[in-house]
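> Numbering (mature numbering (1 follows the signal peptide of the UniProt record, and there is no 0)), first residue to last: -23 to -1, 1 to 171.
1) When you compare the CB positions of residue 32 and residue 62, do they come within less than 7 Å of one another, or not?
2) Tell me whether the beta-carbon of residue 85 lies closer than 7 Å to the beta-carbon of residue 109.
3) Based on Cα-Cα distance, which residue from 130, 124, 56 and 92 lies nearest to residue 113?
4) Is the beta carbon of residue 94 sitting closer than 7 Å to the one on residue 36?
5) In whole angstroms, give me the CA-to-CA distance for residue 44 and residue 119.
6) Give the single residue among 22, 99 and 42 whose Cα lies nearest to the Cα of residue 132.
7) Please say whether residue 28 and residue 123 have beta carbons closer to each other than 7 Å?
8) Roughly how far, in whole angstroms, is the beta-carbon of residue 73 from the beta-carbon of residue 16, given that I think they are within contact range, below 8 Å?
9) Work out the CA separation of residue 48 and residue 174 for me, nearest whole Å.
10) Take residue 107 and list the residues in its own chain whose beta-carbon comes closer than 6 Å to its own, dropping the five residues that flank it on each side.
11) For residue 88, I'd like the list of residues in its chain whose CB is within less than 6 Å of its CB, leaving aside the five on either flank, ordered along the chain.
12) Looking at the secondary structure, which residues open and close the beta strand (DSSP E) in which residue 23 lies?
13) Give me the residue from 68, 38, 56 and 39 with the minimum Cα distance to residue 10.
14) Can you look up residue 36 in the DSSP assignment and give me helix, strand or coil?
15) Output the distance between the C-alpha atoms of residue 65 and residue 130, rounded to the nearest integer angstrom.
16) Distance, Cα to Cα, residue 90 vs residue 75?
17) Give me, in chain order, the residues of the same chain whose beta-carbon lies closer than 7 Å to that of residue 19; leave out the 5 immediate sequence neighbours on both sides.
18) To the nearest angstrom, report how far apart residue 105 and residue 150 are at their CA atoms.
19) I'd like to know whether the C-beta atoms of residue 14 and residue 116 end up nearer to each other than 7 Å.
20) Within the same chain, show all residues whose beta-carbon is closer than 7 Å to that of residue 71, passing over the 5 residues directly before and after it, in chain order.
21) Among all the DSSP beta bridges, which residues are the ones paired with residue 107?
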């Protein structure tokens, strides 16, 4: 209930009305926003959901998100991810301050534009994606994912690997009811259950 009051007071109640899609990976949930905010507001929105901006440090993680974006032309947008070089001399992921390990072809990172995002790789015939950076104040859609930590704080997420009983990744009926969305969202409002 406190989360709803906080979201409502910040004008972020629409965060619950995001497009929720299934990701093809064991133990991962990804939320793809439909609205645009700056990098810091994207981080805050993810943390309110007990998630973090997406960590795409490995080729496997990158490929998983790319495969989710490729078939959907409605997702032909730039999405903030957890990559950040703000007030640092290197890029790390905000989930656990880990260094960047994987960079897809045509990645363009500059420290004077310190916040990372995933974008369509030009006019590539394969429709692939790459990484780039921009000013953190620019408004973009964003991707949240499960993580034990986010920006130095535990997320207390129930979606993190290692739980004995992993609950499904979905918006519960009571939350949908409070938002006036019960019955409007398909019964299988799951993103993914690992």
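We put the CB at the ideal spot given by N, CA and C, even for glycine.
Taking the coordinates as given:
1) For this step, residue 32 is matched to residue 55 along the chain shown. For this step, residue 62 is matched to residue 85 along the chain shown. No; because the gap between Cβ atoms is not below 7 Å, this pair is not in contact.
2) Here the question's residue 85 lines up with position 108 in the chain shown. Here the question's residue 109 lines up with position 132 in the chain shown. In contact: residue 85 and residue 109 (Cβ atoms closer than 7 Å).
3) Sequence index remark: in the chain shown, residue 113 carries index 136 (1-based). Ranking the options by Cα distance to residue 113, first place goes to 92.
4) In the chain shown, residue 94 corresponds to position 117, counting from 1. In the chain shown, residue 36 corresponds to position 59, counting from 1. Residue 94 places its beta carbon 7 Å or farther from that of residue 36.
5) Looking up residue 44 in the chain shown gives position 67. Looking up residue 119 in the chain shown gives position 142. In a straight line, the C-alpha of residue 44 is about 16 Å away from that of residue 119.
6) As a first step, residue 132 is located in the chain shown; it is residue number 155 there, counting from the start. Among 22, 99 and 42, the Cα nearest to that of residue 132 belongs to 22.
7) Sequence index remark: in the chain shown, residue 123 carries index 146 (1-based). Sequence index remark: in the chain shown, residue 28 carries index 51 (1-based). Note that the C-beta distance between residue 123 and residue 28 is below 7 Å.
8) Along the chain shown, one-based indexing puts residue 73 at 96. Along the chain shown, one-based indexing puts residue 16 at 39. Between residue 16 and residue 73 the Cβ distance is about 17 Å, and since that is not below 8 Å, they are no contact.
9) Nothing in the structure corresponds to residue 174, since the chain is present only between -23 and 171.
10) Indexing the chain shown from 1 puts residue 107 at position 130. 81, 83, 84 and 98.
11) Against the chain shown, residue 88 aligns to sequence position 111. The answer, listed in chain order, is 62.
12) Position 46 of the chain shown, counted from the start, is the residue given in the question as residue 23. Not the beta strand (DSSP E): residue 23 falls in the alpha helix (DSSP H), residues 16 to 25.
13) On the chain shown, residue 10 is found 33 positions in, with the first residue counted as 1. Out of 68, 38, 56 and 39, 56 has the C-alpha closest to the C-alpha of residue 10.
14) Here the question's residue 36 lines up with position 59 in the chain shown. If DSSP states are grouped into helix, strand and coil, residue 36 belongs with the helices.
15) Your numbering for residue 65 matches position 88 in the chain shown. Your numbering for residue 130 matches position 153 in the chain shown. Those two C-alpha atoms are separated by around 19 Å.
16) Here residue 90 refers to the residue found at position 113 of the chain shown. Here residue 75 refers to the residue found at position 98 of the chain shown. Residue 75 has its alpha-carbon roughly 19 Å from the corresponding atom of residue 90.
17) To locate residue 19, count along the chain shown from 1; it is residue 42. Exclusion of the five residues before and after residue 19 leaves 30, 57 and 119 as the residues of its chain whose Cβ lies within less than 7 Å of its Cβ.
18) For this step, residue 105 is matched to residue 128 along the chain shown. For this step, residue 150 is matched to residue 173 along the chain shown. In this structure, the alpha-carbon of residue 105 lies about 36 Å from that of residue 150.
19) Counting from one through the chain shown, the residue named residue 14 turns up at place 37. Counting from one through the chain shown, the residue named residue 116 turns up at place 139. With contacts defined by Cβ atoms closer than 7 Å, residue 14 and residue 116 form a contacting pair.
20) Indexing the chain shown from 1 puts residue 71 at position 94. For residue 71, the CB contacts under 7 Å within the same chain, skipping 5 residues up- and downstream, are 20, 29, 30, 59, 61, 127 and 128 in chain order.
21) Position 130 of the chain shown holds residue 107. Looking at the DSSP assignment, residue 107 forms a beta bridge with 96.
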